[in-house]
Each structure stands twice: as structure tokens, then as C-alpha cells.
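**Student:**
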Amino acid sequence: MPFRPSLRQLEYVVAVHDLQHFGRAARHCSVSQPTLSVQISLVEQGLGTPLFERTSSRVAATPAGEKLARGARLLLASLDDLLNELSAQDASLGGTIRLGTPPTFGPYFLPRLLPRLHEQYPGLQVYVREDNPTALEASVADGSLDCGLGPSPERVGLAFRRIGRETLYLGVPSDDLLARGTTVSLRSLAGQKLLALGRGHRLLENVRHLADASGARIIEDFEGTSLDAIRQMVSIGMGLSLFPELYAKAEFRAGDDVTLLGFEDWSEQREVGLYWREGSGRERHYKAIADAADLVATTLMLQ
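Under UniProt numbering, the residue at position 130 of the sequence shown is numbered 130, and the numbers go up by one with no gaps.
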């Protein structure tokens, strides 16, 4: 039988890989540094290959170390899913959910969802991480997060439960000629400048689709870090941009220096929902959260 590291040894490997320091990894795992170092050495001896390169300033994973850490993280996450499924009580959906959501959606949806979840499952603790959708999908896929809430994922291996669709609105400076109406046609956007969020955000793809359909052009040397930053750029006439429905309802008011317009002949929307790793042992927990999110989406009139 080939050498098989113990689960505890795999936890040590993942900790050293993530923290790039034996001392910090030992503290994270609640063991002494000599104990952790010995166990890592035993794994290296058993596999017949070094996992980490040690220098005076940092620890770097070898290719073998990278591969083992990646696989170990998935294995440990799957084991956690299985144990939670076996031991969790329905009253708390496993006790803890690590939820990822993008800043373009979560802050406007979670204030409605989290109180509902707390009322239904008072023992459930929800830890929320904000990041761009691409990074969140990777974290769900590798087990760093349990599930994600936001635009439909593009990554293979993730199950998705749609809860609604968000309408996209065009934001224009309030003193622009386009702001005299309530809607805009694609033809009137030809040659206009479009602002977009940076890579990893689904709204970037929506802006690209709008540019392709209308003949507008994206300002390539500017990538916004937030919708608030994009909105400020629009307000001073640097370009136009798309804003999703929940953000628009929460942040825009009559008399603002940015006016929102609907589209006469362009109907792109973004699907939103909950996603998780396919085959997860906690699938019924995530479906329960999706059921609660469905009700919230209905109250918010997401189509």
C-alpha cells in the first residue's frame, strides 16, 4: 500500500502552505513547532519528495507541495461536509455557514436574508466574505467557503439555484442630454464611453455586451474597484456605466447627479442565486438557505 498521510498531517501541510511559516502554522494548529516540523518531515519522507523550501525569511511550497496542499484542502473540506451532514441538527443547518458574496449584491440582499435565517435557524452562524465573483467561485470550489450568493457562477463543478434576475440600468450624468428621457436606445449610445468594474466582476461582462451591441467603447485604462467609485466617475462626466437593480434601489435618489435609464431595445439581465460544490454532503443545508433567499427575492420583486 502506498504511503498515506494522516488527516492531521494533511492539516499541517495546508497550514504551512497557506501561512508560509512553520511557527504561525503551528500556532494555527495548536501544536508546538517541533511537533509540526517533525510531522511535515515524516510526510516528505513517506512521499519521497520535499514539500516546502525553507529559507531564513519564508517557506515556499514545491510543485509537489502545491499539489498536495490543493488536494488536501479539498479532501478535508469534503470530510467536514460529510461529518457535518452526519452530526448536524436541522435546527442549525450544521451550525456554521461560510458564505461568499460580491459587494455589488450582498450588501443589498443580506440585510433581508440574514434576519430571516436567524429567525428560522437561531443556532446558525453565518460568516460572510466579500470579494469579486471569480475569486469567490474559486474559494467555494476549493473548500475555503461553503457557498456563494450572487451572479450565476461560470466555474465548472458548482451547483446553482437561481433565486431571481436583476435588471440592469444605465447611469448617465444628470446634466447629459440622455438624462432628459427615462429610457435610452442602443443607437444613441454609439461612440459613448463606458466605465466598468475590474476583472473578476460579472458586470464587466455585461458592460462588454452593451458595448458590442451599441457601438459604445469601454475605457480600457480605467477599472473601477466599486460601484460607488464608478458612480462618482459617471457624475463628473467621465463616461456611462451599468448599475444592477438592488444597488440602484438602495443608492440612487431623485435629484442625484447620476440619472438611471432603462433600455428600449436591450434586455440583458443578470441571474442571481446561491451556489455550492456539486456533490457536497451539505446540499440540503444550502437548499434550505436558497429557499429562504427565494422568499426574500420575492419581497424585493426580483423577477
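We put the beta carbon where it would ideally sit given N, CA and C, even for glycine. All values derive from a computational prediction rather than experimental measurement.
Have a look at Pro63, Gly215, Ala72 and flag the residue whose alpha-carbon is nearest the alpha-carbon of Arg187.
**Tutor:** Out of Pro63, Gly215, Ala72, Gly215 has the C-alpha closest to the C-alpha of Arg187.
**Student:** Does the distance from the C-beta atom of Ile163 to that of Asp294 stay below 7 Å?
**Tutor:** yes
**Student:** What are the boundary residues of the beta strand (DSSP E) that includes Val31?
**Tutor:** Unbroken run through Val31: none, as it is neither H nor E.
**Student:** Compute the beta-carbon to beta-carbon distance between Phe52 and Val16, rounded to the nearest angstrom, for a pair I have assumed lies under 8 Å.
**Tutor:** Confirmed, Cβ separation roughly 6 Å.
**Student:** Just to confirm, are Gly150 and Thr101 a CB contact at a threshold of 7 Å?
**Tutor:** yes
**Student:** Whole beta strand (DSSP E) runs in the segment 248-288 with 3 or more residues, listed along the chain?
**Tutor:** 258-263, 269-277
**Student:** Can you tell me which of the three DSSP states residue 361 falls into?
**Tutor:** Outside the shown range of the chain (1 to 303) lies residue 361, about which nothing can therefore be said.
**Student:** What whole-angstrom Cβ distance do Ala213 and Ser241 have, given they're in contact under 8 Å?
**Tutor:** Wrong, their Cβ atoms sit about 15 Å apart, outside the cutoff.
**Student:** Quick check on the burial criterion: 16 or more other C-beta atoms within 10 angstroms. Buried or exposed for Leu7?
**Tutor:** Exposed: under 16 other Cβ atoms inside 10 Å.
**Student:** Taking a contact to mean a Cβ-Cβ separation below 7 Å, would you say Gln125 touches Thr167 in this structure?
**Tutor:** no
**Student:** Assign Leu83 to one of two classes, buried (16 or more other C-beta atoms within 10 Å of its C-beta) or exposed (fewer than that).
**Tutor:** exposed
**Student:** Does DSSP classify Glu220 as helix, strand or coil?
**Tutor:** coil
**Student:** Determine the closest residue to Ala141 out of Tyr275, Ser41, Leu300, with distance taken between C-alpha atoms.
**Tutor:** Nearest C-alpha to Ala141 among Tyr275, Ser41, Leu300: Tyr275.
**Student:** Report buried or exposed for Glu220, applying the criterion of at least 16 other Cβ atoms within 10 angstroms of its Cβ.
**Tutor:** exposed
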